Amino acid sequence: MNRINSPENVDLDYATTELCPAQEQCFRKLWQLLSLSNVIVLYCNTGLGRTTVLRNLHARMGGAYLNMTDFVEAIRHRHPVALEETFERLVLDAYAKHDVVIVDDLHLLTRATGNCNHFYPRSGFLNLPLTTLATLFAESGKKLIFGVDGPAPEPVSQRCHNVPIKEFEAADYEFLCRAFLGELRARGLNYDTIFRFARELNAHQIKAACQWFHEQEPTTEEFVDYLRSQRLSSNVDLREVQPVELHDLRGVDDVIRSLEVNIIVPLENDALAAELNLKPKRGVLLAGPPGTGKTTIGRALAHRLKSKFLLLDGTFIAGTRDFYGKVHQLFELAKQNAPSIIFIDDSDVLFENREEHGPGLYRYLLTLLDGLESETAGRVCVMMTVMDIAGLPPALIRSGRVELWLDMRLPDEQARKEILAQHLTGLPAAFAGVDVARLASGTDGFTGADLKRLVEDGKALFAYDKARSQPTAPITDYFLSAIELVRANKERYAEAEMRARPPANMGHGS
Numbered sequence: 149m150n151r152i153n154s155p156e157n158v159d160l161d162y163a164t165t166e167l168c169p170a171q172e173q174c175f176r177k178l179w180q181l182l183s184l185s186n187v188i189v190l191y192c193n194t195g196l197g198r199t200t201v202l203r204n205l206h207a208r209m210g211g212a213y214l215n216m217t218d219f220v221e222a223i224r225h226r227h228p229v230a231l232e233e234t235f236e237r238l239v240l241d242a243y244a245k246h247d248v249v250i251v252d253d254l255h256l257l258t259r260a261t262g263n264c265n266h267f268y269p270r271s272g273f274l275n276l277p278l279t280t281l282a283t284l285f286a287e288s289g290k291k292l293i294f295g296v297d298g299p300a301p302e303p304v305s306q307r308c309h310n311v312p313i314k315e316f317e318a319a320d321y322e323f324l325c326r327a328f329l330g331e332l333r334a335r336g337l338n339y340d341t342i343f344r345f346a347r348e349l350n351a352h353q354i355k356a357a358c359q360w361f362h363e364q365e366p367t368t369e370e371f372v373d374y375l376r377s378q379r380l381s382s383n384v385d386l387r388e389v390q391p392v393e394l395h396d397l398r399g400v401d402d403v404i405r406s407l408e409v410n411i412i413v414p415l416e417n418d419a420l421a422a423e424l425n426l427k428p429k430r431g432v433l434l435a436g437p438p439g440t441g442k443t444t445i446g447r448a449l450a451h452r453l454k455s456k457f458l459l460l461d462g463t464f465i466a467g468t469r470d471f472y473g474k475v476h477q478l479f480e481l482a483k484q485n486a487p488s489i490i491f492i493d494d495s496d497v498l499f500e501n502r503e504e505h506g507p508g509l510y511r512y513l514l515t516l517l518d519g520l521e522s523e524t525a526g527r528v529c530v531m532m533t534v535m536d537i538a539g540l541p542p543a544l545i546r547s548g549r550v551e552l553w554l555d556m557r558l559p560d561e562q563a564r565k566e567i568l569a570q571h572l573t574g575l576p577a578a579f580a581g582v583d584v585a586r587l588a589s590g591t592d593g594f595t596g597a598d599l600k601r602l603v604e605d606g607k608a609l610f611a612y613d614k615a616r617s618q619p620t621a622p623i624t625d626y627f628l629s630a631i632e633l634v635r636a637n638k639e640r641y642a643e644a645e646m647r648a649r650p651p652a653n654m655g656h657g658s
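Position in the sequence shown (first residue = 1) + 148 = this note's numbering.
Here it is, written out as structure tokens:
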């Protein structure tokens, strides 16, 4: 029978596979617990080295090491529904021969047989053999060690001590890159910079990044570019987003400066962010009438930040079965990509129909917002656009959840001149004589979207005369006529909105 080595008799500096700092810390904690507990669970997220640590433990202590490959082989000769009995027999056979039994990847079996699998006819039955086995090892003095991705099943968690592998730090990134690239090719990388750019990488992702460079000696910039383009992902297809830059917006220089100061610099300037411990504002509200450029800011940020930008908009249909799951996945992706932005477009629309969505939606969002306080999650910025502040639940915009409030106002006359000139640039020579100043003075109350529509309508009126071979009017006249068309449409829209608005504005509870 295999006997357990005591901690005093095992050289902790020996390893079959060298461990990174996070794994080594876990191993030492695991080793200490062996003298205190008979049932231990090692847990961590995928790719942090759970199997590596357990195989090292097995190499040092001996005993039986079982994983799902052994289980699949055992089930070949049993009834396909007898998963639980097969698992129990596999562990009991190991128990009879060894004082130490390590069972890796238990989560794969619990997910197949657990309560979440409604199609499995014996859902939850695995709890019985797990209870029996945990009790048997606890009373016998032998050691049972499980490796899981996530929390242990309840019968085990009530009888065990837990040991985590913590999320990787810069030192772990360096260890793994040196292992995968080799000392010479990894020597030029700044691991603090790489870690600040992408704090949630696991060993699989770091290995894939190193393999990408083949025999090259990558620079830090090349490594980060790879992560940006190949590893970190956004839910936005930039090919479908109109190219635009923040400075294309006119008349909101103060808003752009505030975005640069409070969002862009902490996200883009890694060295300064590290030196001064800068973080993007946790909550940002962009408020203003339709057409003032709120969504345009989102487009500009999407192109500028790429994988660091994630969008929550009307394509997330509130009230559908998978809505909350999609929102949760979006927030988790933002944490993985941190520092990052979640851009919630037309947030007031998401909350406007309380009868359909109920209070659950915004309470759920409050929970997610309040969860963005850890070191990693604290580098996620939630930016919301809103047309009507009254449409937001009060609890969403108080208690420090919104740290930056930016007003997107209507463009003044100078801004209107710049916007019109921008839209007229590049048109045929026939449009060269447009009196932009006259148009700007006659469009008080127009948004940037209105001005864009004005130019499009003016072009259409000119084209109509040309197509019918009619004598053309002075070019400015077509745009003056377009002003009246746009103004009439705005009035009709306002009237329709008034008719559609409920008689009383329903408030939201906190």
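The beta-carbon is built from N, C-alpha and C at its ideal position, and this holds for glycine as well.
From a predicted model like this one, the values you see are computed outputs, not experimental measurements.
Does DSSP classify residue i as helix, strand or coil?
i	result
C168	coil
D451	Looking at the sequence shown, residue 451 is not Asp but His. Looking at H451 - three-state DSSP - the assignment turns out to be helix.
I293	strand
I188	strand
M532	strand
S617	coil
A642	helix
E503	Confidence at E503 is low in this model, with a pLDDT of 47, below 50, so its placement is unreliable and the value that follows should be read with caution. Helix, per DSSP.
G659	Given that the chain is displayed from residue 149 to residue 658, the structure contains no residue 659 and the question cannot be resolved.
S488	strand
F328	helix
Y213	strand
D494	coil
D555	strand
F175	helix
H476	helix
F579	helix
F457	strand
H571	helix
P545	Residue identity check: residue 545 is Ile in the sequence provided, not Pro. In the structure shown, I545 sits in coil (DSSP, three-state: anything other than H, G, I, E or B).
V248	strand
R647	helix
T440	coil
F194	First, the residue type needs correcting, since residue 194 is Thr and not Phe in the sequence shown. T194 falls in the coil class under three-state DSSP.
E416	helix
D161	Below a pLDDT of 50, predicted positions are generally treated as unreliable, and D161, at 46, falls in that range; the measurement from the model is reported next regardless. Correct three-state label for D161: coil.
Q390	coil
Closest to residue i by CA distance: which of the options is it?
i	options	result
G606	A242, F457, E632	E632
L397	H206, V530, M556, E322	M556
G272	A260, L281, A282	A260
P269	P228, A538, I412	P228
F323	I490, N310, P312, L337	L337
G210	D247, S183, L178	D247
C325	F345, F294, I354	I354
V582	V603, D598, T591, G593	V603
A482	W553, P576, E363, A346	A346
L498	Y512, N485, S488	Y512
Y626	K638, I490, A608, P541	A608
A486	K429, T283, V400, H352	K429
T279	A300, G295, F267	A300
Y321	I223, D218, D241, G195	G195
A356	R379, T367, E363	R379
A450	H206, Q477, G590, S488	S488
F594	R564, F294, L349	R564
A636	D598, A242, L540	D598
L257	V249, E233, K245, L240	E233
D401	A419, L420, D560, T620	D560
D494	R335, V634, P619, T444	T444
V251	G262, F267, L434, A282	A282
Below 8 angstroms on the Cβ atoms is my contact criterion, and I expect residue i with residue j to pass it. Report the Cβ-Cβ distance as a whole number of Å.
i	j	result
G446	G596	Actually they do not touch by this definition, with Cβ atoms about 14 angstroms apart.
A327	F343	Not quite, the Cβ-Cβ distance comes to about 16 angstroms (not below 8 angstroms), so this is no contact.
V534	A448	Actually they are not in contact, since the Cβ atoms of V534 and A448 sit about 18 angstroms apart, beyond 8 angstroms.
V189	V304	6 angstroms
C529	V432	6 angstroms
T277	E302	The sequence given here places Pro at residue 277; Thr does not occur at that position. Going by Cβ atoms, the distance from P277 to E302 rounds to 13 angstroms, so no, they are not a contact pair.
C192	P312	6 angstroms
L254	V296	5 angstroms
R376	K454	6 angstroms
**Message:** Please give the ranges of any alpha helix (DSSP H) in the segment 270 to 325, keeping only runs that are unbroken, at least 4 residues long and fully inside the region.
**Reply:** You should have 275 to 288, 302 to 305.
**Asked** Where in the segment 338 to 371 do unbroken runs of the beta strand (DSSP E), each at least 3 residues long, occur, reported from the N-terminal end onward?
**Response** The segment 338 to 371 is shown to contain no whole beta strand (DSSP E) run of 3 or more residues.
**Request:** Please go through the segment 584 to 615 and give each complete alpha helix (DSSP H) segment of 4 or more residues, from N-terminal end onward.
**Result:** Runs of the alpha helix (DSSP H) inside the segment 584 to 615: 584 to 589, 596 to 615.
**Message:** Assess contact between the segment 189 to 206 and the segment 216 to 233, defined as three or more Cβ pairs (one per stretch) separated by less than 8 angstroms. Is contact present?
**Reply:** Result no; under three Cβ-Cβ pairs closer than 8 angstroms.
**Asked** For the 8 angstroms Cβ check, are there 3 or more pairs between the segment 404 to 414 and the segment 560 to 575?
**Response** Taking a cut-off of 8 angstroms for Cβ pairs, the segment 404 to 414 and the segment 560 to 575 do not touch, as fewer than three such pairs fall below it.
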